[in-house]
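Numbered according to the UniProt record's numbering, the sequence shown spans residues 1 to 207.
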Amino acid sequence: MAFVVAVAQRKGGAGKSTVAANLAVALVEAGARVALADTDPQATLTRWHGLRPKDAAPLAFESPSGWRVPQAVTRLGKEADFVVLDTPPHADTDSRVAMRAANLVLIPLQPSMPDVWAMEATLEVAAAEGRAVALMLNRVPAQGRAAQDVAAALVGRKLPLLPSPFGNRTAFAAAFAEGLGVVESAPRGQAAVEARALAEAIQREAS
């Protein structure tokens with residue numbers, strides 16, 4: 001049975017689709033069978049998948065919504081080791097249904113207090129659904145103490161912060177615009193190192 005990861009965050013602009021795409025591609029590179037499901041009406045991940053080159057790593061893909069999400073996850077999970085869900089940027093019904101279908105809720109947040117505040121609603125929904133959570137910092141600037149301060153605050157609250165942040169790197173945006181993950185577009189770059197580290201962290205969560 002597949003391990004299902006719902007990438008969720010109430011605040012828009014947290015980079016959920018970028019995280020979902022790069023996690024999925026990095027897991028494929030690591031040898032896993034991976035499926036993607038875009039449950040966000042904005043359809044960002046759907047557009048990304050539509051841009052993927054024909055010779056890119058295979059990813060099963062669906063864009064279900066509402067009550068169709070659990071059935072799609074079950075269907076995709078029969079042929080996959082991991083199913084990665086991109087979810088709507090609000091604590092609404094569709095987001096709740098997607099989290100309910102997951103084994104793990106992965107919450108990306110930028111190193112800023114508005115993201116931390118927005119995260120609270122996602123944590124509440126995950127708790128109400130009885131789902132495990134993991135946090136990751138995204139778009140971390142190269143300089144400044146914001147990331148360290150936010151990470152310390154999260155650890156101080158005993159929240160499960162993964163040791164695999166994504167930096168604020170143009171490589172992520174450039175790869176996404178081509179329907180690729182950074183491990184495909186720039187496999188020797190630092191962004192690819194970070195994507196592989198996230199995939200390894202998720203594999204540990206699944207074991």
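We put the beta carbon where it would ideally sit given N, CA and C, even for glycine.
The model shown is predicted, which means the values in this text are computed figures rather than measured ones.
Enclosing beta strand (DSSP E) for residue i [first to last residue]
i, result
"Asp115", "Looking at the DSSP string, Asp115 is not in any beta strand (DSSP E); the run it does join, the alpha helix (DSSP H), is 113-128."
"Leu109", "104-109"
Strand pairing of residue i, partner residues [DSSP]
i, result
"Val140", "Gly167"
"Phe172", "For Phe172, which the question treats as bridged, DSSP gives no partner whatsoever."
"Ala151", "Ala151 is not bridged to any residue."
"Glu62", "Ala37"
"Ala6", "Leu85, Val105"
"Val133", "Val105"
"Leu161", "Leu135"
CB contact below 8 Å: residue i versus chain B
i, result
"Ala24", "In summary, chain B is missing from the structure at hand, where a single protein chain is found."
Residue i: first and last residue of the uninterrupted alpha helix (DSSP H) it sits in
i, result
"Leu36", "Premise fails: Leu36 lies in the beta strand (DSSP E), 34-38, not in any alpha helix (DSSP H)."
"Asp81", "No alpha helix (DSSP H) contains Asp81, which DSSP labels as neither H nor E."
"His49", "44-50"
"Glu16", "Checking the displayed sequence, the identity of residue 16 turns out to be Lys instead of Glu. Counting along the chain, the alpha helix (DSSP H) containing Lys16 begins and ends at 16-29."
"Met99", "93-100"
Pair within 8 Å by beta-carbon distance, residue i and residue j
i, j, result
"Asp115", "Ala20", "no"
"Phe82", "Ala32", "yes"
"Ala171", "Ala191", "yes"
"Pro88", "Gly15", "no"
"Pro111", "Ala147", "yes"
"residue 211", "Ala102", "Lying before the first or after the last residue shown, residue 211 is absent from the chain, which here runs from 1 to 207."
"Ser185", "Ala195", "no"
"Val105", "Ala126", "yes"
"Val28", "Leu51", "no"
"Leu159", "Val150", "no"
"Val140", "Asn168", "yes"
"Ser164", "Leu198", "yes"
"Ala26", "Leu36", "no"
"Met99", "Arg68", "no"
Residue i burial status per 10 Å Cβ neighbour count (16 or more: buried)
i, result
"Met207", "Checking the displayed sequence, the identity of residue 207 turns out to be Ser instead of Met. So Ser207 counts as exposed."
"Trp48", "buried"
"residue 208", "In this structure the chain extends from 1 to 207, so residue 208 is not present and cannot be described."
"Glu120", "exposed"
"Gln71", "exposed"
"Glu62", "buried"
- Task: Run through the region 170-204 for me and flag every whole alpha helix (DSSP H) of 4 or more residues, listed as ranges in chain order.
- Result: 170-176, 182-185
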